[in-house]
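Residue 106 is where the sequence shown starts when you use our numbering, and the numbers rise one by one after that. First up is the structure itself, then whatever we jot down about it.
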Amino acid sequence: MRRLVAQTDLAPRHLVLPMFVADGLDEPKPIASMPGVVQHTLDSLRTAAEEAVAAGVGGLMLFGVPRAQDKDALGSGADSADGILNRALAALRADFGDDTVLMADTCLDEFTDHGHCGVVDDQGRVDNDATLSRYQAMAVAQARAGAHMLGPSGMMDGQIAAIRAALDEAGHTDTALLAYTAKYASAFYGPFRDAVDSSLDGDRRTYQQDPANRAEALRELELDLAEGADLVMVKPAMGYLDILADVAAHSPAPVAAYQVSGEYSMISAAAERGWIDRRSAVLESLTSIRRAGASIVLTYWAAEVAGWVSGSAGQ
Ligand code: PBG
């Protein structure tokens, strides 16, 4: 009877798996602060992607980790066809064609030697408008490599409009944009910065949102939709369910939420100690995020959970 009347469900297609692919590795490298998550080699990425797609996930979101010596001030590895992320996109698109939605993180932070999401001026401040042309070049390179959908995560003002224009101009009119509409300057990204060998010394509070602010998310939503976002996202997820509910109530576009690295690691660590039941906690966290209004959830558990809920076809 509970199944009959349940309001919220979780199906494999709702879940997107974020994956890390690193240059210069001989074998996958575990990420200490994210037990069970690795930096992949190109080969291990293809195998893990195959498993995730077979489990029925809705899509894959790729992050690239270049070698330290390949990082520079402009993040050149981001838009070079030889960059690790673009090579990985090309490999997965060749493997899967249109069998899954292949997504790419469109942001410079993994590729810059200073670790910021944009280019910086001579005083070390992120230069919003100078960054937009870098995002345009990166986006076109990712679409050319085979990404179906781009996730610009850098929080520069005007990034959706700039990227949309560049994609259209280059003939990539079908490449969709998943806007990071409300992305807060969060301590819960800590393990991710280990995952991508981040060079950041400082914080991102000049371009990410203040956790104290709620109304700002709806202003960002209006801007992203006007600029051409196809989907919108709230990040992190669990501490921001109020924001997610607001965005879901107002957005005519599909809404995603990102259950970030710190959320993953907290549940993993407590479960490892036997303090909470892992499977129940994972399912409850994802159900809460869906209940608050996310049609799509990015989660490092996507492939595993897809296996657990594979009997469910979704709505
Ligand atoms: C920036 C980016 C970050 C995450 C996704 N994209 C880190 C940041 O903004 O510092 C975090 C994801 C996570 O914590 O799981 N390119």
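Glycine is no exception: its CB is placed at the ideal position from the N, C-alpha and C atoms. Owing to the predicted nature of the structure, the values given are computational and were not obtained by experimental measurement.
The beta carbons of T211 and A244 sit closer together than 8 Å.
Distances from the CA of T280 to each of A271, A287, T286, K288 were compared; the closest alpha carbon is that of A271.
Between the beta-carbon of D351 and that of L323 there is about 6 Å, and that keeps the pair under the 8 Å contact cut.
Between the C-alpha atoms of S356 and Y285 there is a straight-line separation of about 13 Å. Cβ-Cβ separation between I401 and A361: approximately 4 Å, consistent with a contact (criterion under 8 Å). For G256, the enclosing beta strand (DSSP E) stretches over residues 254-257. Per DSSP, reduced to three states, the secondary structure at Y369 is helical. Not one heavy atom of the ligand PBG is found less than 7 Å from the C-beta of G344. Inclusion of P257 and Y289 in the CB contact set at 8 Å is not warranted, their separation being larger than that value. Within the segment 202-252, the complete alpha helix (DSSP H) runs of at least 4 residues fall at 233-250. Counting only unbroken stretches of 3 or more residues, the beta strand (DSSP E) elements lying wholly within the segment 386-411 are 401-403, in sequence order. Here the alpha carbon of L190 sits roughly 16 Å from the alpha carbon of D177. Here H145 is bridged, per DSSP, to V126. As the crow flies, the alpha-carbon of V225 is around 36 Å from that of A354.
A186 and R172 have their C-alpha atoms roughly 15 Å apart. In the structure shown, V158 adopts helical secondary structure according to DSSP, grouped into three states. In chain order, the residues with a C-beta atom nearer than 5 Å to some heavy atom of the ligand PBG are C212, D214, S258, Y294, F297, V365, S366. For D114, the secondary structure class from DSSP, reduced to helix, strand or coil, is coil. For the options D184, I372, Q144, P140, the alpha carbon positioned closest to that of P133 is the one of Q144. Here the alpha carbons of L330 and D203 stand approximately 26 Å from one another. Under the three-state reduction of DSSP, T152 is assigned to helix. With distances taken between CA atoms, P316 lies nearest to M343 out of M343, P296, G307. With fewer than 16 other Cβ atoms inside 10 Å of its own Cβ, V110 counts as exposed. In the three-state reduction of the DSSP assignment, A300 falls in the helix class, which pools H, G and I. The beta-carbon distance between Q264 and L194, rounded to whole angstroms, is 19 Å. This is too long to meet the 8 Å contact definition. For L120, the secondary structure class from DSSP, reduced to helix, strand or coil, is strand.
Cα atoms of L165 and R198: separation of roughly 11 Å, rounded to the nearest angstrom.
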